[in-house]
Every structure is written in C-alpha cells, then in structure tokens.
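Below is one structure, written out as structure tokens, with a few remarks after it.
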Amino acid sequence: MSDDDDWFEAALRDDEESDDEESVGKESVDRKADGTEADSDADENAVEGNATDDAPDTGDDPLFEDDFASAFASAPGADGGSEPDFGGGGGFDDGEFGEGGFDDGFGGEGGFDAGGFGGGGSSFDDEAFESAIPRIDIGIDGLDSMIHGGVPERTLMVAIGNAGTGKTTFGLQFLNHALSNGEKAVYVTLEESHERIVASATEKGWPYDEYVEEDRLAVVDLDPIEMANSLSSIRSELPGLVRDFGASRLVLDSVSLLEMMYQGQATRRNEIYDFTRSLKEAGVTTMLTSEASDENPYSSRHGIIEYLTDAVFVLRYVRSTDDFRETRLAIEIQKIRDANHSREIKPYDITDEGISVYQQANLF
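Just so we're on the same page, my numbering is the position in the sequence shown counted from 1, plus 888.
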C-alpha cells in the first residue's frame, strides 16, 4: 500500500484493543453521542459556527489520515501499490449542481401525497421490469416485496427519517443480507464507535463480530469534523480502496452530520455532490442515512441528498387522531430509478430481529 493510503489504514478498530484503548474509545463515543443526539437549532448552529462558507481545507491531515487508514490494513488485497483508476462518473449527470439541476424524480414538497393512508397510492405492476441491469434484494422482509424485481446493483440509496425510526438498523440489516451470503461490506459511521456498531448488530443476531474477524466487514468510525477537513482525500481515494477490499455494499450513517459541516448552502451542495459521485465510482451498492427535515418528514434536513440518490426511502411516524391508538411507524418508497415499486405507505416494526415491513397491511 502506498504512503498516500496511510490515512485509510487506521480506521478499523482492532477487536483486541487494550483496556486503555477501549477506555479512550468510550470517551469518543460519549462525545459523539452528545454531539449527535441534540437536534435543536442551537446544537446545529454550534457545529456550523466552527465552519466557514468556504470549502474545507483539503490538505493532508496526518492525524486523521492515520485514523482512517487502519480500516483496511488487514483486508486481503488492500496493499495495492498504485493509484486507483476511477473511470467514469458512474451514473451521475455531468451538469452543474444547482437548483433544478438534478432529477426531480420524487418532486418537491408539493410532490408528495401527505393525505390519507391505507392504500391510497398505486400498486406496482405485476409484470417484470424489463432490464439487463443486475438486481439485488435489500434484505428487509416486506420491503423487498414492494420492489418488483429488486434494486439495480450499484444503486445509491438514502433512508430518510426522524430519530427513532430505525435508520441505523436499516443500514445494518442492508449489509447483513450481503454478508450472510458470503459477500464483503463497509460500514462508515459518523455517530457511533466501531464497538457500538458491532454490538448493536450482534444483539439482533447478525454476527458482525465474526464478519470483522473474517476480514469481510470493515467498520470505520470517523469524527465528522475530521472527515469534512479531509473530504477531498477521502473522495479521491475511497473508490479504489473499497474496490481493493472487494466490498459489494457500503453504508454511511449519517450524511446529515457531514452536511452540517458546511455553513453555506452552495458549498454544502457542491461538496456533497462530489462525495456522492465518488461513492458511485466505488462500484458498490450504497445506503446513506439522513435526518428528516423538522418542517417536512418527506425531505432530508437540508433538502439535498434526495436529489443526488437513485432511490429514496422515507421512514416516519404516523400518529392517529384517536387517543386510544398507538403511534405507528410507516415506510414509503419515494423513488427507485430503473425499477417498478409500490407507492403505498406501509406499516413496519423494529424488533429484536430487525425491521419487518407489513406489505399486506394498511395503516389504520
């Protein structure tokens, strides 16, 4: 592995860390948790107050580079000695990123039906979607039945939802489906520690600890500020490094924290656009998670990422006007490029075995 890839080798946490290292990791978890649990404007302003309207420093950050580089230190094929060939853009338009410059596939605020539930949307066509594009299942019971023929490989997806709607579980379950079939995967978290992610998955019966030991899973925990400061290096090297690792799926949880590092809307758009393009170049099927807007549960916090992705899943609460009914969770597929899918709103539950979507049920 070249010296330029050193930043990528330090991000995997070794499961045999010393007690002192685990203690330091716990302090890092606490700090991250404190920084991400608060959704108030004050907290966001506090983060954005450290940013400028200019793009972040793209120079090398030795401390951060050493942190991120360990992610694939022990992975087979991670010692490739040449700069990766990134090839073409991988599915994004080459046009300028601006208002109206992206596919309006799922529309703006007025493009969604926020009215009654219970099967108001149209169902997917029973005929197979004719396409030569290879397709895969997401790995969530009920949801895969709503996607006729599966999601095209190398799709860039986002799961949008408020706190407690299961976005992290969504990502963990998405990766577990591939890992359980012998594939490799990468989980990048800006909110939790390596240990917390592995423990959360293991509690649901998904042996992430075994996948890590078998060098089939790379769990990379990053500080969002450090990632923003080194984003130029990451997006230029990530595609080749992920390909060297041999991953078929990648999760980034969550893109909202990365967006918050940029105070100006124009800078934020350009940086996130370039980053999502690098994910397309990595040649993997990618799932991003994003916080929902406080004003509109169908939109991401900054209203950007849904226009950059090929598929959008909205996870939200549905509260009945009847005081005797409990709050329900509902999922909706807003768009999937090159795939037929149901447009119905369906209830789902988060259990000790993951997310289950009740495809045959209606809300209230």
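For glycine and all other residues, C-beta sits at the position ideal for the given N, C-alpha and C.
Being a predicted model, the structure only gives us computed values, none of them experimental.
Distance from the CA of Lys1234 to the CA of Met1034, rounded to the nearest whole angstrom, comes to 10 Å. Using a Cβ distance threshold of 7 Å, Ser1166 and Leu1126 count as a contacting pair. A residue is called buried once 16 or more other Cβ atoms fall within 10 Å of its Cβ, and Gly1070, having fewer, is exposed. Looking at the DSSP output, Ala1218 sits in a beta bridge with Arg1204 and Pro1235. When the alpha-carbon of Glu1220 is set against those of Arg1231, Asp1226 and Arg1213, the nearest one is in Arg1231.
Distance between Glu1169 and Ser1208, taken at the CA atoms: about 43 Å. For Glu1183, there is no enclosing alpha helix (DSSP H), as DSSP marks it with neither H nor E. For the options Arg1157, Asp1198, Lys1223 and Thr1043, the alpha carbon positioned closest to that of Leu1138 is the one of Thr1043. Closest option to Thr1197, judged by alpha-carbon separation, among Asn1050, Ser1178 and Arg1123: Ser1178.
Where Gly1242 is concerned, the enclosing beta strand (DSSP E) starts and stops at Gly1242 to Val1245. The continuous alpha helix (DSSP H) containing Thr1155 extends over residues Gln1153 to Glu1169.
At the C-beta level, Lys1072 and Ala1135 come within 7 Å of one another.
Under DSSP, Pro1095 shares a beta bridge with no residue. In this structure, Ala1218 is the residue among Ile1192, Met1149 and Ala1218 with its C-alpha nearest to the C-alpha of Ser1244. Scanning its chain for C-beta atoms nearer than 6 Å, with the 5 sequence neighbours on each side dropped, one finds around Val1143 the residues Leu1176, Ser1178 and Ile1193, in chain order.
Taken in chain order, the complete beta strand (DSSP E) segments of 3 residues or longer contained in the segment 1050 to 1100 are 1072 to 1077. Gly1059 places its beta carbon less than 7 Å from that of Asp1141. Leu1129 is positioned such that its CB atom lies no closer than 7 Å to that of Leu1078.
Taking Ile1238 as the centre and dropping the five residues before and after it, the same chain places the C-beta of Gly1054, Thr1057 and Leu1217 closer than 8 Å to its C-beta, in chain order. Around the beta-carbon of Ser1187, 16 or more other beta-carbon atoms lie within 10 Å, marking it buried.
Met1148 sits in coil when the DSSP states are folded into three classes, being neither helix nor strand.
Here the C-alpha atom of Arg1156 lies approximately 6 Å from the C-alpha atom of Glu1147. Per the C-alpha coordinates, the member of Arg1213, Glu1080 and Ser1181 positioned closest to Ala1047 is Ser1181. Shown here for Leu1251: same chain residues with a beta carbon closer than 8 Å to its own, the five before and five after excluded, namely Phe1005, Gly1006, Val1206, Arg1216, Ala1218, Ile1233, Lys1234 and Pro1235 in chain order. DSSP places Val1139 in the strand class (E or B) of the three-state scheme. For Asn1064, same chain residues with a beta-carbon under 6 Å away, outside a window of 5 residues either side, are Trp1094 in chain order. The C-beta of Asp1240 has fewer than 16 other C-beta atoms within 10 Å across all chains shown, which makes the residue exposed. Judged by DSSP secondary structure, Ala1116 falls outside any beta strand (DSSP E) and instead within the alpha helix (DSSP H) spanning Pro1112 to Asn1117. Under a 10 Å Cβ-count criterion, Ser1068 is classified as exposed, with fewer than 16 other Cβ atoms of the shown protein chains found around its own Cβ. The DSSP-derived three-state label of Ile1024 is strand.
Per DSSP, Leu1251 lies in no beta strand (DSSP E) segment and is marked neither H nor E.
The alpha-carbon separation between Thr1173 and Val1076 amounts to approximately 14 Å.
A direct Cα-Cα distance of roughly 31 Å separates Pro1185 from Ala1106. A residue is called buried once 16 or more other Cβ atoms fall within 10 Å of its Cβ, and Ala1249, having fewer, is exposed. Secondary structure at Asp1029: strand, using DSSP grouped into helix, strand and coil.
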